[in-house]
Amino acid sequence: MSRGRSATDALTIVDPGPGARIHLLARRVGAIVADQLLDEVHQHDSRLRTGHMRVLALIDAEPVRIVDVAAHLGTTKQTVAPTVDELVAWGYVARTVDENDRRARILTLTPEGEELTAAMLGRSVSLDEEFGRLLGDDVEVCRSALWRIIESQRAPRD
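Numbering (this note's numbering), first residue to last: 77 to 234.
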């Protein structure tokens, strides 16, 4: 394994065969999609990484506080802050004071950030259409099976 790469990262580059374990196939598809989306955002800015895309996607839905971004990603504000700082410095995200809590900051997309997230969404939609054409009538079976796996692994809610 190369320096700076985790065992989890190494699994995403495995090129499994059609009879491979489901989790390896799912990870490989995830890596393919992430690479395609990253190629799209690199047409706008080569500095962007997958972590930036995750944060942008969360801010795109609605203005959000950094602690909420961190919670959604399952991490801490301190972990997300450098990524947010870069997005602000590069002009994709604006940070303003939350009028309801002057200590908190609200993150919103700038026009450049909106353009970038629109490009990400466009590529995502085109990948979905491409996979739909590839799978034909099996697309809903595939979607349903993947969703059942996801749901089966969610933590029980109180």
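Every residue gets a Cβ at the ideal spot worked out from N, C-alpha and C, and that includes glycine.
query, result
"If you measure between the beta carbons of L183 and V145, is that distance less than 8 Å?", "yes"
"Take R199 as the anchor and find which of L114, A170 and L222 has the nearest alpha-carbon.", "L114"
"Following the continuous beta strand (DSSP E) through L101, name the residue where it begins and the one where it ends.", "L101 -> not in any beta strand (DSSP E); alpha helix (DSSP H) instead, spanning I98 to H118."
"Run the CB neighbour count on T155, radius 10 Å, all protein chains shown included, and call it buried at 16 or more, exposed below.", "exposed"
"Among R97, W166, T152 and T126, which has the Cα closest to the Cα of I20?", "The structure shown has nothing for residue 20, since the chain only spans 77 to 234."
"Between the C-alpha atoms of W166 and A221, what's the straight-line distance to the nearest angstrom?", "39 Å"
"Put T84 into one of helix, strand or coil per three-state DSSP.", "Any answer about T84 is weak, because its pLDDT of 49 lies below 50 and its placement is not dependable; what the coordinates show is given next. In this structure, T84 counts as helix in the three-state DSSP scheme."
"Taking the C-alpha atoms as reference points, what is the distance between D136 and E190?", "7 Å"
"Rounded to the nearest angstrom, what separates R103 and V169 at their Cα positions?", "29 Å"
"Where L134 and T172 are concerned, what is the direct C-alpha to C-alpha distance, given to the nearest angstrom?", "16 Å"
"With DSSP as the reference, please indicate the residues paired to L183 in a beta bridge.", "V140 and R171"
"Are R181 and R130 touching if we call contact CB-CB under 8 Å?", "no"
"Check whether the Cβ atoms of L210 and H120 sit closer than 8 Å, and answer yes or no.", "no"
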